[in-house]
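To start, the structure under review is shown below, and the notes come after it.
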Amino acid sequence: VRAVRSLTVRPHLPEALAGLDPLAANLRWTWHRPTRQVFAAIDPLVWDRCGSDPRVLLATVGAERLDALATDDAYLTRLADAVADLEAYLSAPPTLPVDGTVAYFSPEFGISEVVPQYSGGLGVLAGDHLKAASDLGVPLVGIGLFYRHGYFRQSLSLDGWQQERFPNLDPYAMSMTLCEGIRVEVDLNGDHLVAQVWRTDVGRSRLYLLDADVDENPDHLRLVTDRLYGGDVEHRLRQEILLGVGGIRALEALGIDATVFHTNEGHAGFLGLERIRRLMANQHLSFAEAYEASRAGCVFTTHTPVPAGIDRFPRELMERYFARWMGEVGLDAEGLMALGHRPDEDPTAPFNMAVMGMRLAARRNGVAALHGVVSRDMFADLWPGVPLEEVPVGSVTNGVHGRTWVSREIDAVVSEVVGADWESCPPERWVALDERCDPAIAGARRAGKERLVARTREHLRTSGLSRGLSASELAWCDHVLDADVLTIGFARRFATYKRAALLLSQPHRLRHLLLSADRPVQFVFAGKAHPADDAGKELIRQVVTFSHDPQLRTRFVFLDDYDMSISRTMLQGVDVWLNTPLRPHEACGTSGMKAAMNGAPNCSILDGWWDECFTPEVGWAISSAESVADEARRNEVEANSLFELLEQQIVPLYYDDPAGWMAGVRACMAQLTPQISAHRMVRDYVEQLYRPAAADGIRLLADDVVRGRELAAWVGRVRDGWHQVHVDELEMDEGMGELGSARRVGTRVQLGSLSPDDVTVEAVFGHLGQSGEIEEAQTVALVADGEPDGDGHRRFVGEIPLTVAGRQGITARVVPHHELVAQPLDLGLVAWAG
Ligand SMILES: *Cc1c(COP(=O)(O)O)cnc(C)c1O
142 VRAVRSLTVR PHLPEALAGL DPLAANLRWT WHRPTRQVFA AIDPLVWDRC
192 GSDPRVLLAT VGAERLDALA TDDAYLTRLA DAVADLEAYL SAPPTLPVDG
242 TVAYFSPEFG ISEVVPQYSG GLGVLAGDHL KAASDLGVPL VGIGLFYRHG
292 YFRQSLSLDG WQQERFPNLD PYAMSMTLCE GIRVEVDLNG DHLVAQVWRT
342 DVGRSRLYLL DADVDENPDH LRLVTDRLYG GDVEHRLRQE ILLGVGGIRA
392 LEALGIDATV FHTNEGHAGF LGLERIRRLM ANQHLSFAEA YEASRAGCVF
442 TTHTPVPAGI DRFPRELMER YFARWMGEVG LDAEGLMALG HRPDEDPTAP
492 FNMAVMGMRL AARRNGVAAL HGVVSRDMFA DLWPGVPLEE VPVGSVTNGV
542 HGRTWVSREI DAVVSEVVGA DWESCPPERW VALDERCDPA IAGARRAGKE
592 RLVARTREHL RTSGLSRGLS ASELAWCDHV LDADVLTIGF ARRFATYKRA
642 ALLLSQPHRL RHLLLSADRP VQFVFAGKAH PADDAGKELI RQVVTFSHDP
692 QLRTRFVFLD DYDMSISRTM LQGVDVWLNT PLRPHEACGT SGMKAAMNGA
742 PNCSILDGWW DECFTPEVGW AISSAESVAD EARRNEVEAN SLFELLEQQI
792 VPLYYDDPAG WMAGVRACMA QLTPQISAHR MVRDYVEQLY RPAAADGIRL
842 LADDVVRGRE LAAWVGRVRD GWHQVHVDEL EMDEGMGELG SARRVGTRVQ
892 LGSLSPDDVT VEAVFGHLGQ SGEIEEAQTV ALVADGEPDG DGHRRFVGEI
942 PLTVAGRQGI TARVVPHHEL VAQPLDLGLV AWAG
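Below, the structure written as structure tokens:
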């Protein structure tokens, strides 16, 4: 019989145990071990069996056990301590305040496997961001969507083909509270959609998720929030309008006065269009004024260097869904499309959400240093005339939330040696982790590895049974993995650029490693492919097929239904974390960071975070053959490098030099943790992006947006007059200079209708390269010297310091200058000498 309606019945807690309710309601338990122990103590077996979910535990455990605990004084004391600890945590003074509130928009949030509202790295990063912001007391709320079916649950057919299931999720069972009386309405091409809002507390951070599955909506609108990354392009557009436009309306309905709007990847970018519309309607601004006032408070983070990873919407859809918006803001279809197009792009080309994100935010960043370089290149044409290294897209390297990802045993060692604040303490403190700690670290790592072995056996048996295999056919599962054997992990989305099957390209070498009598290696794989990605599923099939070989299956395994829980078990249990992306397609990658924090060195292509954090003490770099154009040949070269590292370095070090191995484990934890902690990441966001964005946004909007109007007028004037600006002469004595001295330079500059106050005239200088390019350019501002001559030219003069020996090149340029513009090159206006 199929149910037509359903409800969740909350268990009745004895009065004395009332404290369990707030502990379960706040997702801080997902990373706070003492709280988890309070739950585990209720019934350790049930706690394990229900996947460590307090809600399920309390609903399952039964009144008898709860009544017994209600009179257990020792337990009641622990409970009271945990409740007091949560209260103290929630009310602690913030260590990183920002003016107002940061609204962090993301299409997915990975807080915990028991709140399955994520697909992979982007969501897990958002979850870690919320948690670290909570720890540091950054005033931040998350805005997202509640997907009735989440992403999907993965299983495998007998021949290794990915199967997808979409279970119904119950928000009440996920510690979510309905925001009573809050209704958000958006127009979807004439359809009027109403959404309700769920709230989840993640420590001090609040997460609000919009949900279209409400009675007021007709069926086709209720399905707008059915699945994460499901459906066709129009479905995606509808979801993104609800996220961006609806998200802004939800903030207003909830009374949250956000000053910073952070877009975690392009999907939420429509928030900028909604802010512009509102500012125009409420403050009577022109489009140009609202555009400047809105973007000052916006931060856009791009997450992919793969063009296919960026949302693009056909013009026809954009015109339909934004017809009303265009009317309200007075833009025509050309004007709308231009926001999502590169300069000179074909006006019929699809609307690019990353391009719009770049335009509608005054501050932009990639997620690792290398990704910053790649992003500057990828979006350089939005700032024509600006040198590549000055394209105004910065980078903040991602981080991971330590207490979410590090095993309890490693946490205990590190907390004792480095301090309880190891997630945010200064790097110097990690010197305390020296060779005297090796036995403790080795013991902690062994515990994680034994858990991985046990869980892998159980997992393989359970999924084999569910595929219809019999217990006797699965007897081999009892012999899978061995805690004494070198164990290598690989878990990620099966996107083709991640090249999960690189190892399989040389099966004879792989077999040799797996089957070595005295120094064997074992591999654990996991990961999902997007339901529409048949190439990704084919990679899974290859890995799974290999893992079915009776000779190899105890040493080479694939765990289906990858999620945060499997991820933790793997990262905490493997000896080496493997990553084989096609450089530079991995923007950052975070699973390797989680492994490193647990003392598992990475063996990876120098891509993403590994490119900036790798040193020979902390792991291995697979050489990347980017210069090889032929892809098959390139894969072969890189696979050779991977096998050589395994055969000649990793295996011998592990088996022949345990002390050397432990030195690497220690270095990996001590050197890397301070760099890859989400606490460091959130601090960088606050200092480099949130605080300046809040300050600029507040300044521009204050007093009826007087400064915003002023800035827009100035931008308009400078744009209009810029074609008249040029540098006509650059004078400098080209005779030999003395190191340490300075050389005078002078320029003759035409400013047309602009005044010297509107611009900065700069000398640009540095080492002169072979092709006449200035390398590692520096700038000095030149100052106006005297009045303009008859035809309006002015002289600007200054001195350049001669600080390095060798051939120096010099040029001059004019860039706009205004105190309300943080990055002058952001206007994309530069006039160069010559
Ligand atoms: C960390 C994590 C990811 C991201 O891993 P990458 O290294 O960025 O591929 C994806 N899924 C889960 C479940 C994770 O825990």
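If you use my numbering, the sequence shown closes out at 975, no skipped numbers anywhere.
Don't be surprised by glycine CBs; every beta carbon is placed ideally from N, CA and C.
The structure presented is a predicted model; accordingly, all values stated were derived computationally and were not measured.
Have a look at Glu576, Gly438, His620, Leu895 and flag the residue whose alpha-carbon is nearest the alpha-carbon of alanine 800. With distances taken between Cα atoms, alanine 800 lies closest to Glu576.
Could you tell me if methionine 877 is buried or exposed, where buried requires 16 or more neighbouring beta carbons within 10 angstroms of its beta carbon? Methionine 877 is exposed by the Cβ-count criterion.
Short Cβ contact (7 angstroms threshold) for isoleucine 284 with glycine 268: Isoleucine 284 places its beta carbon 7 angstroms or farther from that of glycine 268.
Please confirm whether any heavy atom of ligand 1 lies closer than 6 angstroms to the CB of glycine 730. Within the chosen limit of 6 angstroms, ligand 1 reaches the beta carbon of glycine 730 through at least one heavy atom.
List the endpoints of the continuous alpha helix (DSSP H) containing aspartate 352. Run containing aspartate 352: none in the alpha helix (DSSP H); it sits in the beta strand (DSSP E), 346-352.
Helix, strand or coil for threonine 384, going by three-state DSSP, please let me know. According to the sequence displayed, residue 384 carries leucine and not threonine. In the structure shown, leucine 384 sits in a helix (DSSP, three-state: H, G or I).
Heavy atom of ligand 1 less than 6 angstroms from the Cβ of arginine 633, yes or no? Because some heavy atom of ligand 1 lies under 6 angstroms away, the Cβ of arginine 633 counts as near it: yes.
DSSP puts glycine 285 in a beta bridge; with which residues? According to DSSP, glycine 285 bridges with Leu350.
Using a Cβ-Cβ cut-off of 8 angstroms (strictly less than) and excluding sequence neighbours within five positions of valine 534, which residues of its own chain qualify? Closer than 8 angstroms at the Cβ level, and outside the excluded window around valine 534, lie Thr443, Met499, Arg505, Asn506, Gly507, Gly513, Ser516, Arg517, Phe520.
Is the closest heavy atom of ligand 1 to the C-beta of glycine 933 under 6 angstroms? At a cut-off of 6 angstroms, the beta-carbon of glycine 933 does not count as near ligand 1: no heavy atom of the ligand is closer than that.
Element boundaries [beta strand (DSSP E), containing histidine 270]: From DSSP, histidine 270 is part of no beta strand (DSSP E) but of the alpha helix (DSSP H) over 262-277.
Could you pull out every residue in the same chain whose Cβ sits closer than 6 angstroms to the Cβ of lysine 639, ignoring the five residues on either side in sequence? The residues are Arg633, Pro722.
CA nearest to the CA of serine 316, picked from His600, Glu254, Pro793: Measuring from the Cα of serine 316, the nearest candidate turns out to be Glu254.
I'd like to know whether the C-beta atoms of glycine 931 and alanine 918 end up nearer to each other than 7 angstroms. Taking the C-beta atoms as reference points, alanine 918 is found no nearer than 7 angstroms to glycine 931.
CB-CB under 6 angstroms to threonine 545, same chain, minus the five flanking residues each way: which ones, in chain order? Around threonine 545: Trp172.
So, helix, strand or coil for asparagine 781, using DSSP? Per DSSP, reduced to three states, the secondary structure at asparagine 781 is helical.
Between leucine 574 and proline 725, is the Cβ-Cβ spacing less than 7 angstroms? No Cβ-Cβ contact shorter than 7 angstroms links leucine 574 with proline 725.
For isoleucine 323, which of helix, strand or coil comes out of DSSP? The answer is coil: DSSP assigns isoleucine 323 none of H, G, I, E or B.
When you measure from the CB of glycine 261 to every non-hydrogen atom of ligand 1, does any distance come out below 6 angstroms? Yes, since a heavy atom of ligand 1 falls inside the 6 angstroms radius drawn around the Cβ of glycine 261.
For ligand 1, any of its heavy atoms closer than 6 angstroms to the Cβ of serine 708? At least one heavy atom of ligand 1 is nearer than 6 angstroms to the Cβ of serine 708, so yes.
Closest Cα partner of aspartate 373 within the set Gln865, His958, Ala673: The shortest C-alpha separation from aspartate 373 is found at Ala673.
Which word fits histidine 361, buried or exposed, when buried means at least 16 other C-beta atoms lie within 10 angstroms of its C-beta? Exposed, because fewer than 16 other Cβ atoms sit within 10 Å of the Cβ of histidine 361.
Hey, which unbroken runs of the alpha helix (DSSP H) at 4 residues or more fall wholly within the stretch 388-449? Qualifying alpha helix (DSSP H) stretches, in chain order: 388-395, 411-424, 428-436.
Does ligand 1 have even one heavy atom less than 6 angstroms from the beta-carbon of valine 265? Checking every heavy atom of ligand 1 against the Cβ of valine 265, one is found closer than 6 angstroms.
Buried or exposed: which applies to alanine 953, given that a residue is buried once 16 or more other Cβ atoms fall within 10 Å of its Cβ? Alanine 953 should be labelled buried.
Quick one, are the C-beta atoms of glutamate 460 and alanine 474 less than 7 angstroms apart? Judged by their CB atoms, glutamate 460 and alanine 474 are nearer to each other than the 7 angstroms cut-off.
When you measure from the CB of methionine 705 to every non-hydrogen atom of ligand 1, does any distance come out below 6 angstroms? Under cutoff, so the answer is yes.
Does the distance from the C-beta atom of arginine 418 to that of glutamate 381 stay below 7 angstroms? No, the Cβ-Cβ distance between arginine 418 and glutamate 381 is not below 7 angstroms.
Do you know how far the Cα of arginine 294 is from the Cα of arginine 608? Between arginine 608 and arginine 294, the alpha-carbon positions lie close to 14 angstroms from each other.
N-terminal and C-terminal residue of the beta strand (DSSP E) that phenylalanine 631 is part of: Run containing phenylalanine 631: 627-632, per the beta strand (DSSP E) assignment.
Nearest by alpha-carbon distance to phenylalanine 287: which of Asp300, Pro248, Ser427 is it? Minimum Cα distance to phenylalanine 287 is reached at Pro248.
At the level of alpha carbons, what is the spacing between glutamine 789 and valine 243? In this structure, the straight-line span from the alpha carbon of glutamine 789 to that of valine 243 is close to 49 angstroms.
Measuring CA to CA, which of Glu928, His425, Ser882 is closest to proline 897? Per the Cα distances, Glu928.
Please give me, in chain order, every unbroken run of the beta strand (DSSP E) with length at least 3 that falls completely inside the stretch 455-508. Secondary structure within the stretch 455-508: the beta strand (DSSP E) runs of 3 or more consecutive residues, fully enclosed, are 504-507 (chain order).
DSSP puts isoleucine 941 in a beta bridge; with which residues? Per DSSP, Arg884.
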